[in-house]
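Report on the following structure.
2 protein chains.
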Amino acid sequence: MIKVTILGNGNLATHLTRVFIKKKEIDLVQVYSRNIEKMKHLSEKVSITDNLLDLKDADVYIIAISDNSIAEFSSQLNLKGKFVVHTSGSITMDTLKGDFSRGVFYPLQTFTKGKKIKFKSIPICIEASNEDDLIILEKLAREISNDVRRITSLEREKLHLAAVFVNNFVNHMYQKANEICDDNYLPFDILYPLIKETAKKIESISPMDAQTGPAKRNDSKTIEKHLEQLNSSQKEIYTTLTKSITNSFTTK
Amino acid sequence: MIKVTILGNGNLATHLTRVFIKKKEIDLVQVYSRNIEKMKHLSEKVSITDNLLDLKDADVYIIAISDNSIAEFSSQLNLKGKFVVHTSGSITMDTLKGDFSRGVFYPLQTFTKGKKIKFKSIPICIEASNEDDLIILEKLAREISNDVRRITSLEREKLHLAAVFVNNFVNHMYQKANEICDDNYLPFDILYPLIKETAKKIESISPMDAQTGPAKRNDSKTIEKHLEQLNSSQKEIYTTLTKSITNSFTTK
Numbered sequence: 007m008i009k010v011t012i013l014g015n016g017n018l019a020t021h022l023t024r025v026f027i028k029k030k031e032i033d034l035v036q037v038y039s040r041n042i043e044k045m046k047h048l049s050e051k052v053s054i055t056d057n058l059l060d061l062k063d064a065d066v067y068i069i070a071i072s073d074n075s076i077a078e079f080s081s082q083l084n085l086k087g088k089f090v091v092h093t094s095g096s097i098t099m100d101t102l103k104g105d106f107s108r109g110v111f112y113p114l115q116t117f118t119k120g121k122k123i124k125f126k127s128i129p130i131c132i133e134a135s136n137e138d139d140l141i142i143l144e145k146l147a148r149e150i151s152n153d154v155r156r157i158t159s160l161e162r163e164k165l166h167l168a169a170v171f172v173n174n175f176v177n178h179m180y181q182k183a184n185e186i187c188d189d190n191y192l193p194f195d196i197l198y199p200l201i202k203e204t205a206k207k208i209e210s211i212s213p214m215d216a217q218t219g220p221a222k223r224n225d226s227k228t229i230e231k232h233l234e235q236l237n238s239s240q241k242e243i244y245t246t247l248t249k250s251i252t253n254s255f256t257t258k
Numbered sequence: 007m008i009k010v011t012i013l014g015n016g017n018l019a020t021h022l023t024r025v026f027i028k029k030k031e032i033d034l035v036q037v038y039s040r041n042i043e044k045m046k047h048l049s050e051k052v053s054i055t056d057n058l059l060d061l062k063d064a065d066v067y068i069i070a071i072s073d074n075s076i077a078e079f080s081s082q083l084n085l086k087g088k089f090v091v092h093t094s095g096s097i098t099m100d101t102l103k104g105d106f107s108r109g110v111f112y113p114l115q116t117f118t119k120g121k122k123i124k125f126k127s128i129p130i131c132i133e134a135s136n137e138d139d140l141i142i143l144e145k146l147a148r149e150i151s152n153d154v155r156r157i158t159s160l161e162r163e164k165l166h167l168a169a170v171f172v173n174n175f176v177n178h179m180y181q182k183a184n185e186i187c188d189d190n191y192l193p194f195d196i197l198y199p200l201i202k203e204t205a206k207k208i209e210s211i212s213p214m215d216a217q218t219g220p221a222k223r224n225d226s227k228t229i230e231k232h233l234e235q236l237n238s239s240q241k242e243i244y245t246t247l248t249k250s251i252t253n254s255f256t257t258k
């Protein structure tokens, strides 16, 4: 049994709490949050606290709070000699400040409040300041996922950057398409099958090989016609990406 | 039985041929291509020809060739009084030139050579110059898909534009992320679950509500750190999209 404590009650903390409670090999000993009211529904299943001086003994303490608060929050912990990890993709392991061993437990996925997610296929990127702790973290990660990878802080930083492109930026493309549909009284859901297939396609062929469309063909007539129909913000995106796609296929 | 002839042997033509052959209520009477050699494998299942003067009688003639060739190709057809449709998202119905009834049969999906696809869930956008033909087209479309929609040329033009954002541009984001992974010796496949979930998420919440990341939070520290790590082409995309995301959330 691995004894785990979760610090935080946001989106990821909630998902982790839910999955850890279910696993026989994981003993979720405690969940901490400043706001204990929000956790009342958990009190029958797990010990809850809003007092950092009340933390019970655990093998791993998992901080799942917003990136910008991690440094300061960790410096308040009184966990001398214990093993403390954060769950962020964008900050280094050494952002954790305190008299304890450090580590990172980063599930590479987007989590939505209220939307259940299967952890089994989510890559969990782990890192620790010493090998013994890494083994504990690896064991913990394998309890919930089939895809556990040792990833350094530097590698994780790059992964997070790539994730901005495939998640944040891709989602913004969906938003722009939604806008175009709304403006023309067209149902956005007509695009769902195309969206899904576009995401699936790159698992069998590379994005470079999967590229199609007027920018790739350098079809200036269609590009011109498209630009005429867009508002200024859409036009700026269209122009930048069209240029970038065209360059990808002419310089290589 | 609806008698259908396919004109073309590219990507979409191949997928349509395959699905039409399987359907009992569809009689695929002929497939035309300039290059008959490439269609030899079909000759046991369907009549093939490379001669436009040899076209047999059919209820619908489906032109599935590249957008830019449709006008000229259609003007060569000797199909007086027949019903001829194209399959393009980006051009109007009236692009078809000839002494026949016009229509459009546009499956809103990305097709990959050699990768099988299920037509059942693909939206098929249909249009015709008269109601009788539209009914034939609707019946044909329903044989292969559960999602058949009457869409005008003007609406289809807008849909195609939206499709450029969710397909061409989204795929380019995948390519940029792939680049970042390759440059840092990281496996691109670690991003697959995130890519899939990002695509699935917007079926339950709007893209606007699904948006996360430094641009939405206006987190200039993280944005700055990201920009430092990108090459000039990646930087231009990052800057344009970050500005657009930030604007979406400050002006609304």
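Quick mapping for you: the protein sequence lines, in order, are chains A and B. Remember, my numbering sits 6 above the position in the first sequence when you count from 1. Remember, my numbering sits 6 above the position in the second sequence when you count from 1. All C-beta atoms, glycine included, are put in the ideal place defined by N, C-alpha and C. Predicted model, so just to flag it, every value in this text is computed and none were measured.
Going by DSSP, which residues form a beta bridge with F111(A)?
I132(A)
Quick one: what does DSSP say K30(B) is sitting in, helix, strand or coil?
coil
Alpha carbon to alpha carbon, how far is N237(A) from L114(B)?
Our two residues, N237(A) and L114(B), have alpha carbons roughly 24 Å apart in a direct line.
Could you check where the alpha helix (DSSP H) with H178(A) kicks off and where it finishes?
V176 to D189
So, is S107(B) buried or exposed, given that buried needs 16 or more other C-beta atoms within 10 angstroms?
buried
Check the Cβ-Cβ distances between F89(A) and every residue of chain B, and say whether any is below 7 Å.
Taking Cβ atoms only, chain B never reaches closer than 7 Å to F89(A), which makes this a no.
Cβ of D33(B) within 7 Å of Cβ of F89(B)?
no
If A147(A) and A70(A) are in contact, beta carbons under 8 Å, what's the gap, nearest whole angstrom?
Contact doesn't hold; Cβ gap of about 14 Å is too wide.
Three-state secondary structure (DSSP) at V252(B)?
Note that residue 252(B) is Thr in the sequence shown, not Val. T252(B) falls in the helix class under three-state DSSP.
Within 10 angstroms of the Cβ of P193(B), are there 16 or more other Cβ atoms? Answer buried if so, exposed if not.
exposed
Bridge-paired residues (DSSP) for V10(B):
L34(B) and V66(B)
Are the Cβ atoms of I211(A) and P220(A) separated by less than 7 Å?
no
When you compare the CB positions of V91(A) and K62(A), do they come within less than 7 Å of one another, or not?
Not closer than 7 Å, so no.
Rounded C-beta distance between V10(A) and V66(A)? I'm assuming under 8 Å.
5 Å
Within 8 Å, do at least three Cβ pairs link the segment 149 to 160 of chain A to the segment 109 to 129 of chain B?
No, the segment 109 to 129 of chain B is not in contact with the segment 149 to 160 of chain A.
How long is the line joining the alpha carbons of N174(A) and M179(B), rounded to whole angstroms?
10 Å
Chain-order list of residues whose beta-carbon lies under 8 Å from that of E185(B) (same chain, five-residue window excluded)
A distance below 8 Å between beta-carbons, with the five flanking residues on each side excluded, links E185(B) to the following residues of its chain, in chain order: Q240.
For S81(B), three-class secondary structure by DSSP:
In the displayed model, S81(B) falls within a helix according to three-state DSSP.
V25(A) in three-state terms, based on DSSP:
helix
With which residues is S53(A) paired in a DSSP beta bridge?
S53(A) is bridged to Q36(A).
Element boundaries [beta strand (DSSP E), containing H92(A)]
Following the DSSP letters along the chain, one finds H92(A) inside the beta strand (DSSP E) bounded by residues F89 to H92.
CB-CB under 7 Å to S39(B), same chain, minus the five flanking residues each way: which ones, in chain order?
G14, N15, M45 and D56
Quick test of your reading: V25(A) and F125(A), contact by CB under 8 Å. State the CB separation rounded to the nearest angstrom.
5 Å
Use the C-beta contact count for Q82(B): other C-beta atoms within 10 angstroms, 16 or more gives buried, fewer gives exposed.
exposed
Proximity to K103(A) [Cα-Cα], best of G95(A), N84(A), F111(A) and S96(A):
N84(A)
Does the beta carbon of L200(A) come closer than 7 Å to any beta carbon on chain B?
yes
Kindly give me the distance between the Cβ atoms of I68(A) and I12(A), rounded to whole angstroms, as I take these residues to be in contact under 8 Å.
Confirmed, Cβ separation roughly 5 Å.
Tell whether a beta-carbon distance below 7 Å holds between T246(B) and E242(A).
Result yes, Cβ atoms of T246(B) and E242(A) sit closer than 7 Å.
Does F175(B) get closer than 7 Å to chain A when you measure Cβ to Cβ?
yes
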